[in-house]
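J.:
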Amino acid sequence: MDRNPIRRQLAIMRQSLFDQGYLDEQFIELEQLQDDANPNFVEEVVTLYFRDSARLILNIHHALYVHFSPTLFLFLFIHTHKVMILLLFFRERKPFDFKKLDGFMHQFKGSSSSIGANKVKAESTLFREYCRSANAEGCMRAFQQLKKEYATLRKKLEAYFQLARQTGPLETATRPK
Amino acid sequence: MAAQGRHGGQESNKMTALVVDDNTVNRMIHHRLLDNLGIENVAVVNGKEAVDIHCSGKTFDLILMDMDMPVMNGIEATRQLREMGIRSMIAGVSTRSMEREIREFIEAGLDDYQEKPLTMSKLISIVHKING
Chain W
0 MDRNPIRRQL AIMRQSLFDQ GYLDEQFIEL EQLQDDANPN FVEEVVTLYF
50 RDSARLILNI HHALYVHFSP TLFLFLFIHT HKVMILLLFF RERKPFDFKK
100 LDGFMHQFKG SSSSIGANKV KAESTLFREY CRSANAEGCM RAFQQLKKEY
150 ATLRKKLEAY FQLARQTGPL ETATRPK
Chain F
0 MAAQGRHGGQ ESNKMTALVV DDNTVNRMIH HRLLDNLGIE NVAVVNGKEA
50 VDIHCSGKTF DLILMDMDMP VMNGIEATRQ LREMGIRSMI AGVSTRSMER
100 EIREFIEAGL DDYQEKPLTM SKLISIVHKI NG
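Here you go:
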């Protein structure tokens with residue numbers, strides 16, 4: 000057991016991420032790729048993941064919630080009659096594009112799986128099942144839960160890496176007990 | 000014995016690899032995995048770029064080919080590379096798990112298939128096939 004209290008805290012923090020199911024074995028695979036020449040590899044990959052996946056989440060959000068599209072907007076201002084007429088702002092409802100949604104989530108799940116984001120990956124799988132059964136309400140529910148897990152993971156990993164930067168990374172990548 | 004690799008037009012005994020994946024996280028991880036094994040590697044983001052880089056005259060000992068990519072997917076890219084006469088080891092890597100989808104990918108001309116995420120042990124098993 001490391002006698003340095005901060006390093007002990009870091010080890011406990013790391014262990015809890017596995018114990019609570021936020022991370023899986025794939026995270027350890029990434030840790031094993033870290034060496035003196037690439038001491039921050041895991042943090043770099045995770046940072047890239049959160050940057051990249053934020054875009055996918057936005058795409059999914061758009062595809063789920065912004066499914067109205069203006070087809071015609073016409074604005075007329077008639078000076079002579081001092082009348083301002085706002086005309087024909089049509090919105091028509093677009094059906095859910097489950098194939099598109101599934102495509103976005105396939106990408107998101109792939110990235111999540113690559114960094115060992117276990118709970119996020121599980122929610123992605125559930126979302127895709129709802130896509131395949133064309134269950135819009137299920138998709139929305141699953142997406143809300145996914146965003147919660149994603150936000151929680153992000154917060155925990157940010158705290159973990161912030162502490163790691165203070166102490167230096169743990170010397171060896173160890174499998175969770 | 001590692002095959003002679005041509006990279007940038009110069010012959011060397013170092014093994015070379017091409018990573019074909021539209022996902023930035025996966026490209027970063029696969030690059031690092033290959034680096035760790037001392038394999039020189041470059042990455043492209045879709046199947047068309049993989050075909051184009053071969054058309055430019057470059058060849059690789061190993062191609063790690065993702066399946067789902069925009070512009071040209073891994074199945075089509077693998078078919079085209081084989082039609083061009085490319086005999087490199089092509090290992091498909093994908094998150095797909097349905098047998099039918101994997102079979103279609105393999106039948107396009109893969110030498111190996113590994114389910115993502117790619118790990119060091121999976122990569123070593125691919126490399127052993129080149130050497131063995």
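Just so you know, the sequences run in chain order W and F. With numbering that gives the first Met the number 0 as the guide, the letters of the first sequence map in order to residues 0 to 176. With numbering that gives the first Met the number 0 as the guide, the letters of the second sequence map in order to residues 0 to 131. Glycine included, C-beta positions come from ideal geometry on N, C-alpha and C.
1) Between F/Val-50 and F/Leu-80, which are expected to be in contact by the criterion C-beta below 8 angstroms, what is the C-beta distance as a whole number of angstroms?
2) Taking 8 angstroms as the threshold, find out whether the region 99 to 107 of chain W comes into contact with the region 10 to 20 of chain W through three or more Cβ pairs.
3) Considering only the beta carbon of each residue, do F/Arg-41 and W/Ser-113 sit closer than 8 angstroms?
4) Against chain W, which members of the region 18 to 48 of chain F pass a CB distance test of less than 9 angstroms?
5) Spell out the partners DSSP gives W/Ile-5 in its beta bridges.
6) Expressed to the nearest angstrom, what Euclidean distance is found between the alpha-carbon atoms of F/Glu-82 and F/Asp-21?
7) Report back the beta-carbon spacing between F/Val-126 and F/Ala-76 to the nearest angstrom; my notes put them in contact at under 8 angstroms.
8) Find out if the Cβ-Cβ distance for the pair W/Val-119, W/Leu-145 is shorter than 8 angstroms.
9) Quick check on F/Thr-118 - is its C-beta less than 8 angstroms from some C-beta in chain W?
10) Under 8 angstroms, CB to CB, which of the residues in the region 55 to 84 of chain F have a partner in chain W?
11) I believe W/Arg-127 touches W/Asp-101 by the beta-carbon criterion, under 8 angstroms. Please report the beta-carbon distance rounded to the nearest angstrom.
12) Mind pulling the alpha helix (DSSP H) runs of 4 or more residues that sit fully within the region 15 to 70 of chain W?
13) Measuring straight from C-alpha to C-alpha, what distance separates F/Lys-121 and W/Tyr-64?
T.: The answer reads as follows:
1) 6 angstroms
2) no
3) Contrary to the premise, residue 41 of chain F reads as Val rather than Arg in this sequence. Not closer than 8 angstroms, so no.
4) Asp-21, Asn-22, Thr-23, Val-24, Asn-25, Met-27, Ile-28, Arg-31, Leu-32, Asp-34, Asn-35
5) In the DSSP secondary-structure assignment, W/Ile-5 is not bridged to any residue.
6) Cα-Cα distance, rounded: 23 angstroms.
7) Between F/Ala-76 and F/Val-126 the Cβ distance is about 21 angstroms, and since that is not below 8 angstroms, they are no contact.
8) yes
9) yes
10) Asp-67
11) So it is a contact: roughly 6 angstroms between Cβ atoms.
12) 24 to 30, 40 to 64
13) 40 angstroms
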